[in-house]
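K.L.:
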Amino acid sequence: MKILHLSINDIRNDTRTIKQIYSAEKNGHSVKAICFKLKKKIKKTKLIDYKKIKLVKPIYYNLFFINKFLYKIYTLLYSNFMFVKFGIKINPDLIHCSDYHPLFSATIIKLFCGSKIIYDAHELESQTTNLNKIYSKMVYFYEKLHWPFIDGFITVSPSILKWYKKFFKKKNSILTVNSPLILKHSKKNDYLKNKYKIKKNKKLFL
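Numbers given in the working numbering equal positions in the sequence shown, counted from 1, plus 4.
(1) Have a look at the DSSP bridge pairing and note the partners of D124.
(2) Measuring alpha carbon to alpha carbon, tell me which residue in H150, V181, D124 and D14 is nearest K45.
(3) For the beta strand (DSSP E) containing V35, name the first residue and the last one.
(4) The ligand HEM and I57: does any heavy atom of the ligand fall closer than 7 Å to the residue's C-beta?
(5) Starting from L149 and walking both ways along the alpha helix (DSSP H), at which residues does that stretch end?
(6) Could you tell me the alpha carbon to alpha carbon distance between V88 and L196, rounded to whole angstroms?
(7) Once DSSP output is grouped into helix, strand and coil, what is the label at K6?
(8) By Cβ distance below 7 Å, which residues in the same chain neighbour L51 in space, the five residues on each side in sequence not counted?
(9) Please say whether Y82 and I63 have beta carbons closer to each other than 8 Å?
(10) Are the stretch 122-133 and the stretch 99-108 touching, with three or more C-beta to C-beta distances below 8 Å?
(11) Please state the DSSP three-state secondary structure of V88.
(12) How would you call G118, buried or exposed, if buried means at least 16 neighbouring beta carbons within 10 angstroms?
(13) Could you tell me which of N31, K48 and F85 sits nearest to I38, measuring between CA atoms?
(14) Where does I164 fall in DSSP's three states?
(15) By the DSSP assignment, the beta strand (DSSP E) with K197 in it spans what residues?
(16) In the DSSP assignment, the alpha helix (DSSP H) including L179 goes from what residue to what residue?
(17) Flag T21 as yes if its beta-carbon sits less than 8 Å from any beta-carbon of chain C, otherwise no.
(18) What three-state label does DSSP hand K58 in the structure shown?
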């Protein structure tokens with residue numbers, strides 16, 4: 005299966021998406037991704053090949069920084085334009101949307117390519133604390149508009165899943181919590197205890 009990940013975050017610095025790509029490739033799927041190239045210090049991982057990620061550089065204007073509402077609208081429009089532009093060429097079987105932003109472009113790609121859409125809500129998208137009332141309602145109706153095109157739904161907690169089931173039609177849904185990926189690649193299990201001089205009979209809780 006050919007899978008396309010869409011995100012306005014820089015996937016190279018997004019551990020949740022990195023783990024999802026890694027798991028898909030480990031199970032024999034072909035994965036590509038399109039995301040924004042953000043000005044952050046990227047710590048490279050050996051789990052995935054960054055060459056498979058198409059980085060889109062956002063065009064910023066001072067006006068958007070003055071008005072956060074305009075900036076959010078710009079981000080939504082520009083990201084979807086770029087995702088459609090490059091996504092149709094990939095012709096994916098499955099589109100994985102990280103957060104609500106790529107839902108429009110995923111729907112367009114689906115109509116052109118016959119893809120399936122997985123919507124991965126990393127939080128309760130329309131109710132986050134940094135949204136004003138107007139934009140909160142816009143996100144809610146934006147999700148509502150694209151909900152019929154979504155084939156599967158992923159979120160991070162039972163309470164969020166319960167909320168979506170209450171206000172939206174039921175979808176095939178699963179929970180994927182933000183947990184560390186455990187790799188048994190080293191026999192040195194006492195690294196932290198040795199580093200911080202903790203007795204070996206003491207238990208560690210992270």
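C-beta atoms are modelled at their ideal positions from N, C-alpha and C, and glycine is treated no differently.
Model, not experiment: these values are computed from the prediction.
P.N.:
Considering the structure as presented:
(1) Translated into the one-based positions of the sequence shown, residue 124 becomes position 120. D124 is bridged to S102 and I158.
(2) By one-based count along the sequence shown, residue 45 stands at place 41. Measuring from the Cα of K45, the nearest candidate turns out to be D14.
(3) As a position in the sequence shown, residue 35 is number 31, starting the count at 1. In the DSSP annotation of this structure, the continuous segment of the beta strand (DSSP E) that includes V35 starts and ends at S34 to F40.
(4) The ligand HEM is not among the ligands present in this structure, which contains no ligands whatsoever.
(5) Translated into the one-based positions of the sequence shown, residue 149 becomes position 145. Where L149 is concerned, the enclosing alpha helix (DSSP H) starts and stops at K137 to H150.
(6) For the purposes of this step, residue 88 is taken as residue 84 along the sequence shown, with counting starting at 1. For the purposes of this step, residue 196 is taken as residue 192 along the sequence shown, with counting starting at 1. One C-alpha to the other measures close to 45 Å.
(7) Numbered from 1 along the sequence shown, position 2 holds the residue referred to as residue 6. If DSSP states are grouped into helix, strand and coil, K6 belongs with the strands.
(8) In the sequence shown, the residue the question calls residue 51 occupies position 47. The residues are I22 and Y26.
(9) Sequence index remark: in the sequence shown, residue 63 carries index 59 (1-based). Sequence index remark: in the sequence shown, residue 82 carries index 78 (1-based). Taking 8 Å as the cut-off, the Cβ atoms of I63 and Y82 count as close.
(10) Two segments are said to touch when three or more pairs of C-beta atoms, one from each, lie closer than 8 Å; by this definition the stretch 122-133 touches the stretch 99-108.
(11) On the sequence shown, position 84 is the one that residue 88 refers to. It is helical.
(12) In the sequence shown, the residue the question calls residue 118 occupies position 114. It counts as exposed.
(13) Along the sequence shown, one-based indexing puts residue 38 at 34. For I38, the nearest C-alpha among the options comes from F85.
(14) What you label residue 164 is simply residue 160 of the sequence shown in a count that begins at 1. It is helical.
(15) By 1-based counting over the sequence shown, the position of residue 197 is 193. K197: not part of any beta strand (DSSP E); member of the alpha helix (DSSP H) spanning Y195 to K199, first to last residue.
(16) As a first step, residue 179 must be located in the sequence shown, where it is residue number 175. Element bounds for L179: not the alpha helix (DSSP H) but the beta strand (DSSP E), S177 to L179.
(17) Absence of chain C from the displayed structure is noted, only one protein chain being present.
(18) Looking up residue 58 in the sequence shown gives position 54. Note: K58 maps to strand in three-state DSSP.
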